[in-house]
Amino acid sequence: MKRKLILIAAVLCIVLIALTGCSKDQTQTLSILNYDIYMDKSLLNEFELKYGVKIKYDTYSTPEEMYIKAKAGASNYDLIISSEYMIERMINEGMINKLNFDNIPNYKYIDETFKNQPYDPNNEYAVPYFWGTLGILYNKNNVDASSDSWAMLWDENHSQRIIMMDSQRDSFGAALKLLGYSMNTVDEKELDEAKELLIKQRPLIMTYITDGAPDIMVNEEADMALVWSGEAVSAMAENENLDFVIPKEGSNIWIDAMFIPATTKNQELAEKFIDFLCTTEATLRNIDEVWYSTVHTEAINEVDEELLNNPAFNIPEEDIEKMEMFRDPKEFIDLYTERWTEMTAE
Amino acid sequence: MVKKYLTKIYMGLIFIFLYAPIIVLAVFSFNESKSRGNWTGFSLKWYIELFQDVDIRNAFYYTITIAIVSAIIATILGTVAAIGINSMKGKIKSIILNINYLPVVNPDIVTGISLMILYISFSISFGFNTMLISHIVFNTPYVILSILPKLRQLDVHMTEAAMDLGATPMYALRKVIIPEIKPGIITGFLMAFTLSIDDFIISYFTKGEGVTNLSIVIYSMARRGVRPTINALSTIMLVVVLLLMILINKRSNGVESRKKINKSEVFK
Amino acid sequence: MKDRTKYFAYPYVLWIIIFIVFPSFLVLLYSMTTKESNGLTTIQFTLENFKKFFNPLYINILWDSIYLAAISTVICLLLGYPAAYIISKAHLSKRNTLLFLCILPMWMNMLLRTYAWMTILGNNGIINNLLSFLGLPTFNMLYTRGATVMGMVYNFLPFMILPVYTALSKMDIGILEAADDLGANKYVKFRKIILPLSMPGVISGIIMVFMPAVSTFIIPQLLGGNKNMMIGNLIEKLFILNGDWNFGSSISIIMMIIILIAMSIMNKFDVDKEGGARLW
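Residue numbers (UniProt numbering), protein chains in the order written: chain A, 1 to 346; chain B, 1 to 268; chain C, 1 to 280.
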């Protein structure tokens with residue numbers, strides 16, 4: 001009896017290991033790393049069926065986390081979607097492969113405005129995915145947004161009703177802009193001032209969170225939140241008391257792009273996937289999922305009127321003029337990280 | 001008499017504290033709207049959404065697979081090791097036991113990061129294998145610790161008698177030792193299985209390439225806010241656990257429910 | 001027989017060398033080297049990482065974690081001891097059921113149990129909705145220190161009840177009867193007999209609650225709103241976000257030492273040693 005049990009156990013074991021082992025060898029796999037909730041996942045399945053491959057899909061919540069994951073070396077991602085300043089850093093560190101644009105014919109749909117950007121000046125490494133901005137999502141019933149300033153987030157009348165982002169560049173960005181500095185400052189004094197400002201803000205904060213703010217705002221459990229524009233669009237669709245403001249001091253304009261890290265073993269397949277995501281249909285479906293502003297010249301013509309009227313989706317030109325794109329501060333990035341750690345530890 | 005009521009009220013309050021959150025989860029899994037505080041009507045839509053959720057399905061598959069495989073390997077490895085350790089003496093034995101003890105006393109986060117560093121140092125890519133190995137690493141000590149006491153109780157003379165009667169050591173092992181320590185092996189297996197299913201921290205540091213488990217999925221969903229699909233998931237898990245426990249309890253009244261206590265006895 | 005079965009342990013010895021000893025050694029190595037020297041050829045030893053930790057900022061995190069974990073442990077003890085006592089005194093037929101009810105929540109995934117409180121404590125959660133329905137003022141409960149402590153108490157309370165119950169149920173009733181015969185009143189009986197005899201259970205309860213509480217990073221994140229950093233959060237942040245393994249490793253080593261010290265102190269008080277595995 002016991003021997004049988006052990007035998008069964010051993011067989012089960014071997015079968016299971018074999019099962020998981022085999023699936024690896026038979027088909028090509030594409031390993032993707034993307035922001036959390038940043039793609040219509042049914043697209044993955046479609047791509048798998050279309051090309052007979054298997055996709056391994058991982059997510060992360062801030063560019064810093066992505067960088068560590070990609071850098072660790074124990075991960076062989078074939079395709080990553082992330083933000084421009086991290087891409088710039090990774091290009092500089094030789095962590096990204098050049099793309100073969102012959103495999104990405106749909107690149108032609110990408111709006112020229114988003115090409116030749118400083119993080120990838122010659123359009124060699126990355127294909128833009130979405131773009132957007134940073135702003136304040138607030139509840140019209142409780143908050144007076146007439147000041148139109150980052151100072152709203154420091155308003156003591158809303159103590160314990162303000163949500164900050166658990167992301168160093170974005171939170172520092174808001175503080176730096178309020179102080180009238182560049183979001184890309186490499187001046188230690190300015191950064192320290194921003195840190196002090198963020199520490200001063202701590203008692204007013206309800207929670208530091210990434211990705212969770214829209215849910216809390218829709219439930220009207222907080223008055224305002226620092227959010228990315230797409231989060232605002234989705235929250236505003238669910239609760240009409242919510243509105244979005246891009247402060248007058250100026251904000252951040254960001255571009256998230258797809259790129260292929262040097263660790264890839266499947267460059268061509270990854271390029272095919274990029275091309276697949278650049279189709280009008282895939283883009284439209286992604287817009288429906290993530291609500292960020294699109295870089296796609298065809299898709300923009302097919303989105304709803306309502307969405308086009310939303311300033312968090314169709315960001316007004318006069319706001320864009322005051323916006324700044326994050327740049328890689330090179331070695332100075334360590335100081336950002338350190339100050340941010342200190343701020344959160346306070 | 002008053003005392004009796006007081007104790008009843010006290011236990012009642014403790015159980016309300018322990019069960020209120022679970023009941024709330026279960027009730028709101030049938031709520032029609034996403035709202036967390038208001039009941040708007042009965043609906044099964046979160047259950048339907050749950051079964052359509054690819055992430056959860058994936059994570060469920062990996063959770064169960066890793067729990068079964070890691071528990072089986074840990075039980076075999078642990079049983080063999082326990083028999084060996086039991087017949088060791090002196091310093092080496094206590095060193096091995098102390099090292100074996102490390103994953104038990106170490107905070108999970110330390111075990112997690114030390115394994116993460118190991119894998120990265122040797123460029124082992126994260127995924128199913130790393131998670132499986134990590135689970136075996138922290139499961140096996142519990143298996144050994146639940147078998148060792150049984151081995152100590154084992155009557156040495158019985159094995160000797162068996163061999164005097166012509167049994168080979170292997171035969172004696174199979175026919176005498178294993179049957180005697182079977183309860184310890186079963187306890188060890190079940191502990192390994194449940195610890196593996198429940199693990200979050202160690203998996204969190206050793207996951208990768210699309211392999212996650214339920215805890216990790218719940219964590220990333222919960223960070224995004226309250227989601228009725230998680231409520232539905234927890235209700236199902238609760239019902240399964242409840243049925244399982246009742247079944248086990250029926251079969252061996254009380255013995256198995258001490259499983260988790262064993263974890264605490266380990267600390268003595 | 002005995003001599004030969006000794007070799008059975010060897011595969012496992014190899015296993016623990018690879019997966020327990022060696023990784024621990026790596027953590028130690030990282031904690032004592034600089035970030036720049038992560039190639040094996042250019043190791044630079046330093047105590048900088050440990051020194052960095054003694055910055056008041058980080059020491060405060062450590063104290064705060066110990067403080068919050070200690071509070072949770074005390075609350076668990078205060079709530080759990082009477083419960084364990086009542087269960088041990090309950091009628092035999094009810095005892096298993098009561099125990100079963102205490103264990104059952106532990107079988108639910110810990111993340112789920114923590115998540116459940118988000119629904120209850122939120123600003124528009126069940127409690128506040130109930131309060132405003134009754135016309136009472138509402139409170140900010142979620143994302144506070146109190147919520148963190150409550151989450152820990154909730155998650156770890158069974159870990160206190162079980163060992164205390166085990167110790168109490170093992171107690172020899174004869175001793176209690178003897179005390180009665182000698183005229184001891186209830187208070188004396190509790191203080192002189194029950195409490196000392198249940199000490200081993202209390203101590204393993206304390207360890208079992210304190211250890212996971214001091215190193216948790218999920219509870220302060222989900223219920224504490226990421227505002228009070230605990231030592232676990234710091235380690236997670238250093239490894240996952242900052243990639244500062246050296247500093248992260250040194251904090252892990254410090255945490256390991258604290259826990260080993262705590263355990264060896266507790267073990268000193270523990271009378272009921274059963275031999276076998278013991279701490280250094």
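For every residue, glycine included, the Cβ atom is placed at its ideal position computed from N, Cα and C.
It is roughly 18 Å from the alpha-carbon of residue 124(B) to the alpha-carbon of residue 57(A). Chain order gives the chain C residues near residue 198(B) as 109 and 110, where near means a beta carbon separation below 7 Å. Distance from residue 232(A) to residue 161(A) at the Cβ level is roughly 17 Å; contact not present, criterion being Cβ atoms closer than 8 Å. At a cut-off of 8 Å between beta carbons, residue 115(C) makes no contact with chain A. By the rule that beta-carbons nearer than 8 Å mark a contact, residue 148(A) does not touch chain C.
The alpha-carbon separation between residue 223(B) and residue 210(A) amounts to approximately 8 Å.
Here residue 250(C) really is in contact with residue 50(C); their C-beta atoms are around 5 Å apart, less than 8 Å. For the region 127-159 of chain B, residues whose beta-carbon sits nearer than 7 Å to a beta-carbon of chain A comprise 128. Rounded to the nearest whole angstrom, the C-alpha separation of residue 151(C) and residue 35(C) is 36 Å. Among the residues facing chain B, residue 135(C) is not included, as its CB has no counterpart in that chain under 8 Å away. At a cut-off of 4 residues, the continuous stretches assigned as alpha helix (DSSP H) that sit fully inside the region 31-94 of chain B are 45-52 and 54-86. Near chain A, meaning a CB-to-CB distance below 9 Å, the residues of the region 230-243 of chain C are 233, 234, 237, 238, 239, 240, 241, 242 and 243.
Checking the DSSP bridge columns, you'll see residue 31(A) partnered with 56(A). Here residue 162(A) carries a strand assignment [DSSP, helix/strand/coil]. A Cβ of chain C is located within less than 8 Å of the beta carbon of residue 208(A). Secondary structure at residue 131(A): strand, using DSSP grouped into helix, strand and coil. Contact annotation: residue 194(B) and residue 177(B) have beta-carbon atoms that are not nearer than 8 Å. Here residue 125(A) carries a coil assignment [DSSP, helix/strand/coil].
The Cβ of residue 219(A) sits closer than 8 Å to at least one Cβ of chain C. DSSP places residue 256(C) within a helical segment (H, G or I) once states are collapsed to three.
The C-beta of residue 15(C) comes closer than 8 Å to at least one C-beta of chain B. Shown here for residue 271(A): same chain residues with a beta carbon closer than 8 Å to its own, the five before and five after excluded, namely 99, 100, 103, 104 and 260 in chain order. DSSP places residue 259(A) in the strand class (E or B) of the three-state scheme.
Taking C-alpha positions only, residue 59(A) is separated from residue 196(C) by approximately 52 Å.
In this structure, the straight-line span from the alpha carbon of residue 274(A) to that of residue 45(A) is close to 15 Å. Following the DSSP letters along the chain, one finds residue 193(C) in no beta strand (DSSP E), marked with neither H nor E. Flagged as an interface residue toward chain B: residue 129(C), by a C-beta distance shorter than 8 Å.
Those residues of the region 210-224 of chain C placed with their C-beta closer than 8 Å to a C-beta in chain B are 211, 212, 214, 215, 217, 218, 221 and 222, ordered along the chain. If one requires a minimum length of 3 residues, no beta strand (DSSP E) run lies completely within the region 179-237 of chain C. From the beta-carbon of residue 54(B), the residues of chain A found nearer than 7 Å are 41. Scanning 91(A), 116(A), 88(A) and 71(A) for the CA closest to the CA of residue 120(B) turns up 71(A). Put simply, the backbone Cα of residue 101(C) is about 30 Å away from that of residue 34(B). For residue 72(A), the three-state secondary structure derived from DSSP is coil. The C-alpha of residue 58(B) lies about 11 Å from the C-alpha of residue 52(B). Annotation for residue 83(A): no alpha helix (DSSP H) segment contains it, though the beta strand (DSSP E) segment containing it runs 79-83. At the C-beta level, residue 137(C) and residue 130(C) stay beyond 8 Å of one another.
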